[in-house]
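Residue numbers (this note's numbering), protein chains in the order written: chain A, 2 to 484; chain B, 31 to 483.
Ideal Cβ positions, reconstructed from N, Cα and C, are used throughout, including at glycine.
What follows is a set of notes on a single structure, which appears directly below.
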Amino acid sequence: MALDFRAVAHKTWRTIASIQTGVVLLILVVILAAVGTIVLQRPVTEPDEMQSAYSPQALRILDTLGLTDVFHSWWFLGLMLLVSLCIVAASIDRFPNSWRYFSRPYKYPDASFRRASHPQKSLAIADEESGLVAAERALHSLGFKPERVVREDHFGIFAERHRISELAVYIVHASLLLIFFGTIVDGIWGWRGYLSLNEGQTSNLVEIRDGSKRTLPFAIRCDAAGQENYKDGTPKKWWSKLAVVEDGRDVQKKEIVVNDPLLYSGVRFYQSSYGPNGKVDKLLLVAAPSNGSGQKQDIGLAVNDTVPLDADTTVRFAEFIPDFAVRDGQVYRKSNQLENPAAHLVVTSKKAGKDFDVWIPAMDGVADNSKSPYQLQATDLKMGYFTGLQVSHEPGQWGVWSGVVLMGIGLAFVFYVVHMRFWVVPVHDAKTGKYSLWIGGSANRNRDAFEQRFNDLVVLVEEDLKSIPRTSPREQVATVAGH
Amino acid sequence: MTLIVLVGLAIAFLLFMAFLNVVKSGNLLNETNLLFAALIFYAGAGALYLGFGVTGTESYVKFASLATWLGLIANTAAIAHRWYEAGHAPFSSVYEMLLSFVWTLAVLTLVAEKKYGVKVIGTITMPVAIVGVVLMQLLRTEVHPLVPALQSTWLHVHVTLAMLAYAACALSFALAAMFLIQDNMKTETFLAVTSASTLAIYASVVLTRFEKWGGLSLVAWNPEQKSEVFLSRGVRLFVTVPDLGWLMTLTLFVVAAPLAFYGLARWKKDESFLTLANRAVFLSILLQVMTLAMFLVRANDGRYPSLDADGLFPTSLAASPFILSGLVGGVFISLLYLLLLWRRQDLGRLLPSAENLDRITYKTICLAFPLLTLMIASGAYWANQTWGSYWSWDPKETWAAITWLVYALYLHMRITRGWRGRRAAYFAIAGFAVVMFTFFGVTYLLPGLHAYA
């Protein structure tokens, strides 16, 4: 039984680590992701749009299968985990081999390797030393650092460059896992929401996507917000002056714009929208006594504010209607758009013991404008504005970004850094008694360019070998001395 | 030699006409003129490359690449002008992206020709560039100010990388197609594929746009505002151009004919059907050109009724860039097949060896893949700066990831399984098909956050 178990485990391991499994999984990811872009997805679609696009039965089936929220479904997450597992297994399976290759470079080619090696070249040489010196010089001039390999029964030269390239693919795979790790961390501990603030308002309540609320351990206050336009009226810039309030103190202040968020203790606040909130910030009025005596005065009112006009008269801003209509002596709110605004003010006179309903604009049958002891005239209506902030907490994003950087480095190594090796071995032919210099080379990619380099090397060695007998200073001196 | 003289004369004539126009308007170096100059030179280069493809006269290539160089200079100047005028890198609209796409394509054509000796590549890329420039003339828009979300350096990085990556993918596709020619793939297989592609183009137009009583739905166009007409947010107003629907349907059947004959030839094992199929291709080209001409005439101006609103509304070619490029692309694909049918022997002589093409395809993908990676990464970084989330599974993002996965699969199969030759070429072609879908299909069919482009 134990043996069986081991066999099964071994087989499972081989299956997970195989490239076929990886390919099948990736194809599955491709198909499911494509489905996720074609079927409407619940998180980004309004519910009624879903209902009008699919029949109830179809919708039920799609929902059950999780096809209406592919990217958050358990099986998509499971698939991604399987892909990760496959990458890990394939890397573990292949890494020891690559590591041996990397840590113990093959420095001396034996006879069978020499026979099979490509490209290779043999050059005739006078003796072993002159051949090796020529090869060393040629390698130096090509920018390599040749190394003499001396063993008990043989010797030669080994030169290489960019050995790290053999491990580059593991860097890429590790970076992918780092990115997955980051997104999983975000999926579990991260959240996204929305915070809408009126100017001057402070809040620590974030509306999360699913409708729930999240209370932050600190609050955000919007000191000011605004919009700048281009000449043609399209928005150019939205900005908000935000302050972080913790324990009643302002701990951080920043003016944020789109593309430049505020970051405080891992939570980011992004400028996302800006506009009128439909509420009145201030209604500016001129009040003049109806009897014509006394002075005009300027007053400013927010909704529900009460301001004294004289010793026994006050005015209260009772109600604001952004879009009004009058029917049967009643004022109705037609919509919340700022189309046709009306303000309801109540002037109270203690002396007369009476309230007067003043409407701006004046409405016959509804308002007591003419009876009021004060005539009110609106000079300006200042609307309030809100700033919309996207709030997000993504603790895993550092994994994502470092993974991205690592992947860039890894891919650069994978595609553009070539591990090149050269071997030079002097060979003595026992039958003829002649010496030859065997030169071999190998590259792990871009082999045609490498062959060019190999040929350059051979030419350099050949030239060097030819020039030695003629220009070697010692030989010339010897000749002179002989005479 | 005659062709060189003819093309030279045509270029000189067009430049002279353009010059007269310039003298009239008194403004030499504006963008329209520069683009027009680029168009003239690219068209000249395209004609010469095509002439080289058909006749194999080596001397055409020298003049063709000279014309490409001149076109590239004009194109660069147009980009610089746009940049200066707008005050930001020109990557924010379809028009501006086409500008840089065509530029990249011209650069890569010259690189492929000079560095790798793939001289005939211009025969494929230059017509694509010409279509791009023509589309730009139609889509020419005023410099629009950028909405707040687009004001980011990362956006420029993202879009530049996207254009570079897509141009590299386009090149790898062209090289893979050439590999298949050199690998002695049967001419009738190309017949089936080209016919199926044109069929797909017409089928998608007819299926999505055919209206009752033989009309064709096109987006209404507001000539004053130079924009599409919207009924409400995101809902476009369509007008129905009468009779064009019937014509499209007729062409649909005719372009399907070569494929049907090919199927018959395979089924009955009768070669004589292939001759019929080739004749059908010829007929289909004539009909496609006619359809294109009708489309150009009817859609360019005139006012048409709409099913959704009362009254007559104008439309414009600029409102239907995808249909237009589809129709032009269809003609172009069929013509390429004719080139192959008639000049297969010469092409075999002119193209690099199959082995070389296979290797260059791989190298191009080795260039495209890191660019795709960086494009996705910069896009994610930008999204994080703007929306507070680096990945939101919006359709464009998802399809970019799918493209990346397809090329990743290609690399794995090639490196670890040793896939070479045909299978690798099919993969490269499939990869480019996904790229095209990501670029056009997603914009057109699956709208999402990437509403800007």
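Interface partners of residue i on chain B, CB under 7 Å
i	result
Met408(A)	Thr403
Thr388(A)	Chain B residues near Thr388(A): none, gap ~13 Å exceeds 7 Å.
Phe416(A)	Cys396 and Pro400
Ser166(A)	Within chain B, no residue comes near Ser166(A); the closest Cβ sits about 13 Å away, beyond 7 Å.
Thr38(A)	Pro425, Thr428, Trp429 and Leu476
Inter-residue spacing [alpha-carbon to alpha-carbon] between residue i and residue j
i	j	result
Val170(A)	Val415(A)	6 Å
Asn375(A)	Leu285(A)	Correcting the residue type first, residue 375(A) is Tyr in the shown sequence and not Asn. Roughly 15 Å between the two C-alpha positions.
His73(A)	Lys108(A)	52 Å
Tyr232(B)	Ala206(B)	25 Å
Pro262(A)	Gly295(A)	54 Å
Leu135(B)	Ala197(B)	6 Å
Ser166(A)	Arg95(A)	15 Å
Val173(B)	Glu126(B)	Caution applies to Val173(B), whose pLDDT of 49 falls short of 50 and renders its modelled position unreliable; the value that the coordinates give is listed next. Cα-Cα distance, rounded: 10 Å.
Leu140(B)	Leu282(B)	36 Å
Arg222(A)	Lys283(A)	20 Å
Leu248(B)	Ala68(B)	29 Å
Ala18(A)	Leu86(A)	9 Å
Val235(B)	Tyr72(B)	29 Å
Ala427(B)	Ala35(A)	Reading off the sequence shown, one finds Glu at residue 427(B), where the question assumed Ala. Answer to the nearest angstrom: the Cα atoms are 11 Å apart.
Trp449(B)	Met208(B)	18 Å
Asn445(A)	Gly409(B)	32 Å
Ala160(A)	Tyr271(A)	55 Å
Val358(B)	Cys396(B)	30 Å
Where residue i falls, given that 16 or more other Cβ within 10 Å makes a residue buried
i	result
Gln21(A)	exposed
Gly267(A)	exposed
Met421(A)	buried
Asn308(B)	buried
His345(A)	buried
Thr16(A)	exposed
Lys297(A)	exposed
Leu316(B)	exposed
Leu326(B)	exposed
In DSSP terms, what residue i is bridged to
i	result
Pro344(B)	Arg333(B)
Asp381(A)	Leu285(A)
Met421(A)	Arg162(A) and Ala444(A)
Asn199(A)	Phe387(A)
Thr391(B)	None; Thr391(B) has no bridge partner.
Thr307(A)	Arg317(A)
Leu124(A)	Leu438(A)
Start-to-end residues for the alpha helix (DSSP H) that takes in residue i
i	result
Leu267(B)	First-last for Leu267(B): undefined, no H or E at that position.
Leu289(B)	Leu274 to Lys298
Arg112(B)	Glu88 to Ala116
Glu427(B)	Pro425 to Thr446
Thr468(B)	Counting along the chain, Thr468(B) falls outside any alpha helix (DSSP H), and DSSP gives it neither H nor E.
Leu251(A)	Contrary to the premise, residue 251(A) reads as Asp rather than Leu in this sequence. No alpha helix (DSSP H) contains Asp251(A), which is instead part of the beta strand (DSSP E) from Arg250 to Val258.
Asn98(A)	Trp75 to Ser104
Thr219(B)	Thr217 to Arg239
Asp187(A)	Ala169 to Trp190
Neighbour list for residue i in chain B, Cβ cutoff strictly below 8 Å
i	result
Ala139(A)	Going along chain B, no residue has its Cβ under 8 Å from Ala139(A), so there is no contact; the nearest lies around 27 Å.
Pro262(A)	Gln415 and Gly418
Asp449(A)	Arg389
Val419(A)	Under the 8 Å cutoff, chain B gives no residues; its nearest Cβ is about 12 Å from Val419(A).
Ala413(A)	Pro400
Ser393(A)	Gly418 and Ser419
Arg269(A)	Gly418
Element boundaries [beta strand (DSSP E), containing residue i]
i	result
Tyr265(A)	Leu263 to Tyr265
Tyr333(A)	Gln331 to Ser336
Pro351(B)	Careful: Pro351(B) lies outside any beta strand (DSSP E), inside the alpha helix (DSSP H) at Pro351 to Leu380.
Pro236(A)	Pro236 to Glu247
Trp360(A)	Lys355 to Ile361
Contacts of residue i in chain A (Cβ-Cβ under 8 Å)
i	result
Ile432(B)	Val31, Ala34 and Ala35
Trp449(B)	Those within 8 Å of Trp449(B) in chain A number zero; the least Cβ separation is about 11 Å.
Interface partners of residue i on chain A, CB under 7 Å
i	result
Thr446(B)	Ile20
Leu435(B)	Leu27, Val30 and Val31
Proximal chain B residues relative to residue i, where beta-carbon distance stays under 9 Å
i	result
Thr184(A)	Tyr420 and Trp421
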